[in-house]
Amino acid sequence: SDTNSLYSNHFAVHVPSGAARAADIAQEYGFINMGQIGSLANYYLFEHPKVRKRSISSSDEHHTLLQDEPDVHWFEQQVERKRTKR
Amino acid sequence: DFHYYEGNSQASGQNPYFATSAFGPPYSTSGFVDPLFKEQWYLTGGSKDGFDMNVLSAWKRGFTGKGVVVSILDDGIQTNHPDLILNYDPRASTDINDNDSDPTPQDNGDNKHGTRCAGEVAATAGNNICGVGVAYNASIGGVRMLDGTVNDAVEAKALGLNPDHVDIYSASWGPEDDGKTVDGPGPLARRAFIYGVTNGRRGLGSIFIWASGNGGRHVDSCNCDGYTNSIFTLSISSATQGGYKPWYLEECASTLATTYSSGTPTLDKSVATVDMDGRLRPDHICTVEHTGTSASAPLAAGIAALALEANPNLTWRDLQHLVVMTSRPDPLVKEEGWYVNGVQRKFSHKFGYGLMDAGKMVDLAVDWGGVPPQHICKSREIREDREIPGAHLGKVKVFMDVDGCAGTNSEIRYLEHVQCKISLRFFPRGNLRILLTSPMGTTSVLLFERPRDVSSSNFDDWPFLSVHFWGEQAHGRWTLEIINSGSRRINQPGILKKWQLILYGTDLNPQRLRSRSLSNPTFQPSSSQFREAQSQGSPRFVPQDYLYPGASESLSQVQKPQMVRSQCQIEYWISDLAICVNDCPDGYFADVDKKECFSCPQRCKSCYNSTSCTACDHNLVLFGTKCLASCPAGHYEADSSCEKCPVKSCAACAGPMGNECVQCLKGTYLENGKCSPKCGTGRRQSSSGSCIACPVGCKSCDENVCTSCIENFTPSSDSSSCEQSNTVCPLGLFLDIETGQCQACQAENCQRCEGAGQCLQCAHGFYVYLGTCLDQCSGGSYLTSNRKECLDCPKLCTKCKSAEICEECRTDGMLQEGKCLPHCSEGYYNDVGTCSRCSQSCKTCIGPG
Numbered sequence: 013s014d015t016n017s018l019y020s021n022h023f024a025v026h027v028p029s030g031a032a033r034a035a036d037i038a039q040e041y042g043f044i045n046m047g048q049i050g051s052l053a054n055y056y057l058f059e060h061p062k063v064r065k066r067s068i069s070s071s072d073e074h075h076t077l078l079q080d081e082p083d084v085h086w087f088e089q090q091v092e093r094k095r096t097k098r
Numbered sequence: 004d005f006h007y008y009e010g011n012s013q014a015s016g017q018n019p020y021f022a023t024s025a026f027g028p029p030y031s032t033s034g035f036v037d038p039l040f041k042e043q044w045y046l047t048g049g050s051k052d053g054f055d056m057n058v059l060s061a062w063k064r065g066f067t068g069k070g071v072v073v074s075i076l077d078d079g080i081q082t083n084h085p086d087l088i089l090n091y092d093p094r095a096s097t098d099i100n101d102n103d104s105d106p107t108p109q110d111n112g113d114n115k116h117g118t119r120c121a122g123e124v125a126a127t128a129g130n131n132i133c134g135v136g137v138a139y140n141a142s143i144g145g146v147r148m149l150d151g152t153v154n155d156a157v158e159a160k161a162l163g164l165n166p167d168h169v170d171i172y173s174a175s176w177g178p179e180d181d182g183k184t185v186d187g188p189g190p191l192a193r194r195a196f197i198y199g200v201t202n203g204r205r206g207l208g209s210i211f212i213w214a215s216g217n218g219g220r221h222v223d224s225c226n227c228d229g230y231t232n233s234i235f236t237l238s239i240s241s242a243t244q245g246g247y248k249p250w251y252l253e254e255c256a257s258t259l260a261t262t263y264s265s266g267t268p269t270l271d272k273s274v275a276t277v278d279m280d281g282r283l284r285p286d287h288i289c290t291v292e293h294t295g296t297s298a299s300a301p302l303a304a305g306i307a308a309l310a311l312e313a314n315p316n317l318t319w320r321d322l323q324h325l326v327v328m329t330s331r332p333d334p335l336v337k338e339e340g341w342y343v344n345g346v347q348r349k350f351s352h353k354f355g356y357g358l359m360d361a362g363k364m365v366d367l368a369v370d371w372g373g374v375p376p377q378h379i380c381k382s383r384e385i386r387e388d389r390e391i392p393g394a395h396l397g398k399v400k401v402f403m404d405v406d407g408c409a410g411t412n413s414e415i416r417y418l419e420h421v422q423c424k425i426s427l428r429f430f431p432r433g434n435l436r437i438l439l440t441s442p443m444g445t446t447s448v449l450l451f452e453r454p455r456d457v458s459s460s461n462f463d464d465w466p467f468l469s470v471h472f473w474g475e476q477a478h479g480r481w482t483l484e485i486i487n488s489g490s491r492r493i494n495q496p497g498i499l500k501k502w503q504l505i506l507y508g509t510d511l512n513p514q515r516l517r518s519r520s521l522s523n524p525t526f527q528p529s530s531s532q533f534r535e536a537q538s539q540g541s542p543r544f545v546p547q548d549y550l551y552p553g554a555s556e557s558l559s560q561v562q563k564p565q566m567v568r569s570q571c572q573i574e575y576w577i578s579d580l581a582i583c584v585n586d587c588p589d590g591y592f593a594d595v596d597k598k599e600c601f602s603c604p605q606r607c608k609s610c611y612n613s614t615s616c617t618a619c620d621h622n623l624v625l626f627g628t629k630c631l632a633s634c635p636a637g638h639y640e641a642d643s644s645c646e647k648c649p650v651k652s653c654a655a656c657a658g659p660m661g662n663e664c665v666q667c668l669k670g671t672y673l674e675n676g677k678c679s680p681k682c683g684t685g686r687r688q689s690s691s692g693s694c695i696a697c698p699v700g701c702k703s704c705d706e707n708v709c710t711s712c713i714e715n716f717t718p719s720s721d722s723s724s725c726e727q728s729n730t731v732c733p734l735g736l737f738l739d740i741e742t743g744q745c746q747a748c749q750a751e752n753c754q755r756c757e758g759a760g761q762c763l764q765c766a767h768g769f770y771v772y773l774g775t776c777l778d779q780c781s782g783g784s785y786l787t788s789n790r791k792e793c794l795d796c797p798k799l800c801t802k803c804k805s806a807e808i809c810e811e812c813r814t815d816g817m818l819q820e821g822k823c824l825p826h827c828s829e830g831y832y833n834d835v836g837t838c839s840r841c842s843q844s845c846k847t848c849i850g851p852g
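For the protein sequence lines, the chains are A and B, in the order given. Read in order, the letters of the first sequence correspond to residues 13 to 98 in the working numbering. Read in order, the letters of the second sequence correspond to residues 4 to 852 in the working numbering.
Quick look at the structure:
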């Protein structure tokens, strides 16, 4: 958790066992599965309706859930990135 | 902003120019066809020095981007813009912000960026709307991603949009350019880059073009932007119409090349392109005021699209090689800061390898055989705390000897990218300047001082990227220097914690043409890609043996007549392009009686008739009525034409003055810019045809052995040199004849002198130079073989080993076989500041082969 960061309610999740298992995991923990992230196979974007859309704290509860799920190999709660047009 | 478009009737096809727009080149400057074409100075030789990016040359060869797909990652794209609609590609578009497929920008007056960039790439040609895209037949799409919260997943989605369909992604955004941010792609975006280059374009690799930065006023460094500082992106910088650094330019070591953009609002023109016709200004659909570094990346994307059409088999790495090899420093050399690397390529931290040249890109692309596989060689990680001194200009200098992974599958003999991964602590971080020097002696500045970077003290495994060592050898000693050169006071020293080199490159020569090698004529590429390419049909403009798929089809479409001559009323007809124009364009001459434009001879920019040129294409010179790669012997180059040297005995001269000879005819010797049959006192004839100084005290010499001595000097005991005669004065003093007393030589470390400030012999470890003593010979001079004095390098030479072996030339000199000449001799061609030999028995050439 970084005090300068703004966390969203989106979680990028790597589920190597595929889309069906990702859908199950999303349902099991109350996430909405937004689908694969671009062309990255087995990387999915989950949204949680009960996590604040913008927060200065990461959601420890959901981090723990995803961390303890053996079929989730990696996850990242999405953080706002300042990007400017040039 | 401009409004030329008169309503929907043209969009429905009633305007004849609109009907031919997909094919007709926009050569007319009448204001009726592509009215802003005349404002597109960067396409039409309209820079202050008459340069441009040589796009017309690529168009004339038939390459207009057809079949190539470009996507602009930005704030969206106006899908129904009349100058884009014909080329709009929904499969290269999406809306990540609203999670739908329509990338139309939100109309708040600010979201015109992506649309403007798209127009630079693919505004349609031959209509009555705005200007012309560089790749005016390319497909264009846009991703709406900046009009909302951006995060790692958003970036990964954009960078990975439809990678088998989209060829080129152009991004003109990045982390804040505030001079204190160090940020780059997160794990997903990085994975998307890797997926793109390994799997995109059906395995050839996606092309990511990036605007190199916008932090000029904040003294930012684009090495701190992890997107431009990435090996996966072609980082593109900007130049003004005058050929200078614009105010918004960020300097860094990862910039690969440059396109024209804009300068100060009043003095230099900007970029002309389409504009979003929002509700606030519904009539303004074109602009001539697109500016900033963001104007540069799409121009580069357009040029890349031309190259991909010329050779669809190019990989993402091939394209980077083509840009390195064909970008030209010469239009930008007025701006200081050019250096020459170990393979004699000029590079700059402002402009990379120079201004992109579309004509040369497509020429080389059609012949390009494909680079060998990329090797990655990681050095050991040196984890040893080293103090970075807190004193102003204090520095730490560390070395690493690497073997380029010789003898392994990762061996690198020809470098591409070099990353130096550094972890350090220093407060304030912005005080630091970091330099990396290669085994071949090239120094690249990995980080310039950032006066605003006072909020942080760390670099944690930051992979500083340099492209300046491209083509050099990997093995040998690399030197890293970290200097506290900022102006802020430091309370305590910093620590370099660890560093590592990550070298990218190839074990084989990457410069391979189809069916031959640039440097090894016996080389035969054997990739399946090449064999497949050879089996296809033959395109025009390309020699029979350089065949590739797709080109013949696209060219036949370009050449298909779209008008008939009877439609041409008062204008001139160009039969090979099947169009009408008001005036004959560059490369054509007018036959007034026949009302027709005919092609000039090859390589002519303008001509009187089919045999007599009056001006030549870039990089060529006019000799009489012919265009040559360089002026012949006895001539010098002035304003791209050849003039006779004023002195007959000159084989080459730098200009019209009698003392500007740089090479003499056989039997005469060069001394002070003149040719004479004998050298003057104290100088001897060298094998290179010039007069060079004898050792100190010699009146005459044979090689470095004195044969007679000047006054007050006598032969040494072995008669090989001349020593100052014994005087009553001790070392460091000289006899003042007027007073009869010994006076101090004054020059520090001087042992013997003939007057104050006229040192003749220095203490051990010091060398005589212009009457003073130096501890080392400065740039522009060399140490004589007797290791006693420094002498100036020959004219036009800025770095040399001896009077005969020059290593670097001034910007107006060309390095040829160890000499600096004003232009390459017969049998050589200009290879970016260096003269390389033409193929065997070729008298004049403009490139290898």
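Just so you know, even glycine gets a beta-carbon here, dropped at the ideal spot from N, CA and C. Please read these numbers as outputs of a predicted model, since none were measured by experiment.
In this structure, A/I49 and A/A24 form a Cβ contact; the two beta carbons are roughly 6 Å apart against a cut-off of 8 Å.
In the three-state DSSP reduction, A/H75 falls in the helix class (H, G or I). Against chain B, the CB of A/H22 has a partner CB under 8 Å away; the residue lies at that interface.
With a threshold of 8 Å between beta carbons, A/R95 makes contact with chain B.
Per DSSP, B/M279 lies in no alpha helix (DSSP H) and is assigned neither H nor E. The alpha carbon of B/H84 has as its nearest neighbour, out of B/V277, B/S839 and B/P188, the alpha carbon of B/V277.
When CB distances to chain B are screened at a threshold of 7 Å, the residues of the region 23 to 51 of chain A falling below it are A24, I49, G50 and S51, in chain order.
In the displayed model, B/M148 falls within coil according to three-state DSSP, outside both helix and strand. Scanning its chain for C-beta atoms nearer than 7 Å, with the 5 sequence neighbours on each side dropped, one finds around B/V200 the residues G208, S209, F235 and W319, in chain order. Counting the other Cβ atoms within 10 Å of the Cβ of B/A303 gives 16 or more, which makes it buried.
Under the 8 Å criterion on CB atoms, A/E92 is classed as interfacial with respect to chain B. Unbroken beta strand (DSSP E) stretches of 3 residues or longer found wholly inside the region 415 to 502 of chain B: 417 to 428, 435 to 440, 446 to 450, 461 to 469 and 479 to 487, given in chain order.
Closest in alpha carbon position to B/V157, among B/L76, B/S175 and B/G112, is B/L76. When C-alpha distances from B/I88 are compared across B/G163, B/T127, B/K681 and B/V185, the shortest belongs to B/T127. Interface annotation, A/E88: in contact with chain B, CB-CB separation under 8 Å.
DSSP places B/K160 in the uninterrupted alpha helix (DSSP H) bounded by D155 to L162. Sequence-distant partners of B/A192 (beyond 5 residues in either direction) whose C-beta falls short of 7 Å from its own C-beta, in its chain, are D155, E158, A159 and L162. When DSSP states are grouped into helix, strand and coil, B/V584 belongs to the strand group.
Nearest Cα to B/F196 within the set B/I415, B/R119 and B/T231: B/T231. Not a single CB atom of chain B sits nearer than 8 Å to the CB of A/R64.
Among the residues facing chain B, A/L57 is included, as its CB has a counterpart in that chain under 8 Å away. Counted as a single uninterrupted DSSP element, the alpha helix (DSSP H) harbouring B/V58 occupies residues V58 to K63. Rounded to whole angstroms, B/N111 and B/T294 show a C-alpha spacing of 20 Å. Listed by position along chain A, the residues whose Cβ is nearer than 8 Å to that of B/W176 are R95, T96, K97 and R98.
Contact check for B/C610 and B/F592: beta-carbon distance about 5 Å, within the 8 Å limit, so the pair qualifies.
In the three-state scheme derived from DSSP, where H, G and I count as helix and E and B as strand, A/H85 is classed as coil. Here the region 354 to 364 of chain B lies against the region 240 to 258 of chain B, with 3 or more beta-carbon pairs under 8 Å apart. In summary, the residues of the region 277 to 299 of chain B whose CB is separated from some CB of chain A by less than 7 Å are G295, T296 and S297, in the order they occur in the chain. Nearest to A/I37 by C-alpha distance, out of A/V91, A/R93 and A/L77, is A/L77. Contact between the region 740 to 756 of chain B and the region 655 to 674 of chain B is absent: fewer than three C-beta pairs spanning the two stretches fall below 8 Å.
In this structure B/N57 is not in contact with B/K337, their Cβ atoms being roughly 19 Å apart against a cut-off of 8 Å. Segment contact: the region 803 to 811 of chain B against the region 312 to 327 of chain B, fewer than three CB-CB distances shorter than 8 Å; contact not assigned. In the DSSP secondary-structure assignment, B/S74 is bridged to B/G144 and B/Y172. The CB of B/K160 comes closer than 8 Å to the CB of I49 and G50 in chain A, given here in chain order.
In chain order, S426 place their CB closer than 8 Å to the CB of B/D463, counting only its own chain and leaving out the 5 sequence neighbours on each side.
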